[in-house]
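Heads up: the structure comes next, in structure tokens.
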Amino acid sequence: MRIAFFALTGVGNEALKALISYGIKPQILITRTEPKPYPYYDEINIVELAKHHQIPTFYEEMGETEVLKNYYDVILVCT
Numbered sequence: 003m004r005i006a007f008f009a010l011t012g013v014g015n016e017a018l019k020a021l022i023s024y025g026i027k028p029q030i031l032i033t034r035t036e037p038k039p040y041p042y043y044d045e046i047n048i049v050e051l052a053k054h055h056q057i058p059t060f061y062e063e064m065g066e067t068e069v070l071k072n073y074y075d076v077i078l079v080c081t
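Residue numbers (the numbering used here): 3 to 81.
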């Protein structure tokens with residue numbers, strides 16, 4: 003199953019970890035640039051988590067364009 007994962011640091015990290023724990027790895031992460039660290043609790047940027055799992059990351063409109071160029075079975079949004 004091909005998944006495009008739109009997510010932000012925070013709850014997106016937890017969703018990505020859960021997906022990976024079930025053996026489901028998104029093919030692409032689309033997120034936004036963050037000017038500061040996650041402010042609510044100690045959490046790494048979701049981009050770092052994606053890099054660790056070799057998931058290509060795109061930002062904002064570039065990510066949306068990338069999704070439109072390819073076929074995905076699921077577009078999952080978690081923010």
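Positions of the beta carbon are idealized from the N, C-alpha and C atoms, including for glycine.
Counting beta carbon pairs with one atom in the stretch 14-28 and one in the stretch 60-68, are three or more of them shorter than 8 Å?
Result no; under three Cβ-Cβ pairs closer than 8 Å.
So what's L10 in DSSP terms, helix, strand or just coil?
coil
With respect to the alpha helix (DSSP H) encompassing I48, which residues constitute its N-terminal and C-terminal limits?
I48 to H54
Starting from Y61, follow its DSSP beta bridges and name the residues at the other end.
In the DSSP output, where bridge partners are listed per residue, Y61 has T33.
How big is the Cα-Cα spacing for K19 and Y42?
18 Å
If distances are taken between C-alpha atoms only, which option among T11, Y73 and R4 comes closest to P39?
T11
Closest to M3 by C-alpha separation, out of H54, I30, M64 and A52, would be which residue?
I30
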